Amino acid sequence: MKMKWWQIGSLGIQHVLAMYAGAIVVPLVVGGALQLSGEQLTYLVAVDLLTCGIATFLQVWKNKLFGIGLPVMLGCTFTAVGPMIAIGGQYGMTAVYGSILCAGLVVVLISPYFGKLRALFPPVVTGSVVTIIGLTLIPAAVNNMAGGQGAEDFGDPTNLALSFGVLALIVVLYRCFKGFIRSIAILLGMAAGTVVAAVMGKVDWTAVTEASWVHLPQPFYFGVPSFHGSAILTMVLVAIVSLVESTGVYFALSDICRRRLTDEDLAGGYRAEGLAIIVGGLLNAFPYTTYSQNVGLVQLSGVKTRNVIYAAALFLILLGFVPKIAAVATIIPAPVLGGAMLAMFGMVIAYGVKMLSQVDLTVQENLLIIACSIGVGLGVTAVPNLFAELPAGLRILTDSGIVAGSMTAIILNAVFHFGKVRRSATLPLQEQKIS
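Sequential numbering from 1081 applies to the sequence shown in our numbering.
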């Protein structure tokens, strides 16, 4: 049955709502941690929504050069939050976007071969990396729950009540509802928390009143990109982890849509993701990857047509041209954001654990890979001066806990499993479905 335009539009809005919380939380967390101004934060949210739409369009539009051609939504990846904050804090925003541009270029270049390179990144490696990233994000969430690092009312009982109230509401919505309501539980929690905070006088509307109604994206908004070896390596690792996650989403959607994926299809999907990352770097947005929550919505609705995703992409692009709407997201108080962040970043850890559940944990070598990689990653994060006396060239691999932990996992996996019957990944990719 042919769908009418209003049916396609309403389903497209559902997809936008399902990924909207994730799309706005990432720029809010990164911008807040790097102490961006209200105007800069509004731009970051607006350009992120715009680029989410462009990235989705690149992936859904299948052609000879790029695109997977499945009903998939793209958004900014949570795994990039910690690295972006670390890079921005050490080198500045220009280094963040220099590293994103390089990561996108690497993804485009390796897209025809990544299917063969997947052997380097079995679940024991990617699961450890995602778990490390999630663990490094939790302190940012807890600081916001208390009111934000350096806030005069840090730890005030009203801040704690707001943050834990938002978290409790998210849990209640997950417990009492299924389907679409559950998929937007974090968005509803933040909306309700912001309303309560407004009644308490904790919402500053200045950013909304000062924001313009229409704007155009500005390439290199934060300045000409700069390039640093450790920053580039960090972002390339983030992009590769995202590719592995995206592969699972591709196969999950191919099963739902009953379409067999070829190597050329996967290469087109990887190339589209690389192009999306490059667009994010040019417009000073974020690296982009597939959003698994929208896969559940495709399965729930039973509507598999790409027209719905085209409509969702169009809505995101239109929202990106209206800073007034983007500014509404920037007024969310830190405690409200912190409650939602704890749930979202905790889910990053949980997803890392889920990936590790595919590993044969009866093999002692796998346990040692997980233990050493997470231990090194957290150790470098907790004691950043651990390798301060090493030569600058070596510190490219040791300055970031995520890079150090990732390299540890990759090297140990090669030591223990290459040249043998590899037992680190127990499920074929076709069975690694993401719900």
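We put the CB at the ideal spot given by N, CA and C, even for glycine.
Since this is a predicted model, take the numbers as computed values, not measurements.
The stretch 1285–1294 makes no contact with the stretch 1170–1187: fewer than 3 CB pairs, one atom from each, lie closer than 8 Å. In the structure shown, tyrosine 1330 adopts helical secondary structure according to DSSP, grouped into three states. In this structure the stretch 1276–1285 does not lie against the stretch 1386–1400, because fewer than three pairs of beta carbons, one per stretch, are closer than 8 Å. By the Cβ neighbour-count rule, glycine 1230 is exposed, with fewer than 16 other Cβ atoms within 10 Å of its own. Between the stretch 1112–1126 and the stretch 1405–1419 there are three or more C-beta pairs closer than 8 Å, enough to call the two in contact. When Cβ pairs closer than 8 Å are counted between the two stretches, the stretch 1420–1430 is seen not to touch the stretch 1150–1157, the count staying below three. Annotation: the continuous beta strand (DSSP E) that includes glycine 1155 extends over 1154–1156. In the structure shown, threonine 1442 adopts coil according to DSSP, grouped into three states. If you ignore the 5 residues before and after proline 1203, its C-beta comes within less than 6 Å of the C-beta of Met1435, Gln1438, Val1439 and Ala1505, all in its own chain and listed in chain order. Put simply, the stretch 1346–1354 touches the stretch 1320–1333. At least three CB pairs are less than 8 Å apart.
Taking a cut-off of 8 Å on C-beta distances, the stretch 1144–1151 does not touch the stretch 1312–1319, as fewer than three cross pairs fall below it. Between tyrosine 1193 and proline 1237, the alpha-carbon positions lie close to 54 Å from each other. With three or more CB-CB distances shorter than 8 Å, the stretch 1447–1457 counts as touching the stretch 1479–1494. Boundaries of the beta strand (DSSP E) around threonine 1370: 1368–1370.
Residue Ser1208 holds the alpha-carbon nearest to the alpha-carbon of tyrosine 1431 among Ser1208, Ile1180, Leu1185 and Leu1138. Isoleucine 1134 counts as buried, since no fewer than 16 other beta carbons sit within 10 angstroms of its beta carbon.
Counting only unbroken stretches of 3 or more residues, no beta strand (DSSP E) element lies wholly within the stretch 1181–1206. One thing to note: tyrosine 1350 has its Cβ within 7 Å of the Cβ of leucine 1323.
Rounded to the nearest whole angstrom, the CA to CA distance from valine 1110 to leucine 1313 is 19 Å. A straight-line Cα-Cα distance of about 42 Å links glycine 1259 and glycine 1303. Ranking Val1222, Ala1166 and Gly1354 by CA distance to the CA of proline 1415 puts Val1222 first. Judged by DSSP in its simplified three-state form, arginine 1386 adopts helix. If the five residues before and after cysteine 1182 are omitted, its C-beta is found closer than 6 Å to the C-beta atoms of Ile1312, all from its own chain and listed in chain order. For isoleucine 1411, no alpha helix (DSSP H) segment is defined, and its DSSP state is neither H nor E.
Counting along the chain, the unbroken alpha helix (DSSP H) around valine 1288 starts and ends at 1286–1290.
The residues Tyr1100 and Ala1101, in chain order, have a CB closer than 6 Å to that of leucine 1267 in the same chain once the five nearest residues on each side in sequence are set aside. Distance from the CA atom of threonine 1206 to the CA atom of glycine 1214, rounded to whole angstroms, is 12 Å. DSSP places aspartate 1343 in the uninterrupted alpha helix (DSSP H) bounded by 1343–1362. In this structure, isoleucine 1357 lies away from proline 1163, with their beta-carbon atoms at least 7 Å apart.
Under the DSSP assignment, glycine 1169 falls in the alpha helix (DSSP H) whose first and last residues are 1161–1171. For tryptophan 1293, no alpha helix (DSSP H) encloses it, and the DSSP letter there is neither H nor E. By the CB criterion at 7 Å, valine 1378 and isoleucine 1336 fall inside the cutoff.
Closest option to leucine 1363, judged by alpha-carbon separation, among Arg1386, Ala1332 and Pro1305: Pro1305.
Histidine 1095 places its beta carbon less than 7 Å from that of asparagine 1374.
Look at glutamine 1115 here: in three-state DSSP terms it is coil, with no helix or strand label. Taking the CA atoms as reference points, glycine 1400 sits about 14 Å from proline 1299.
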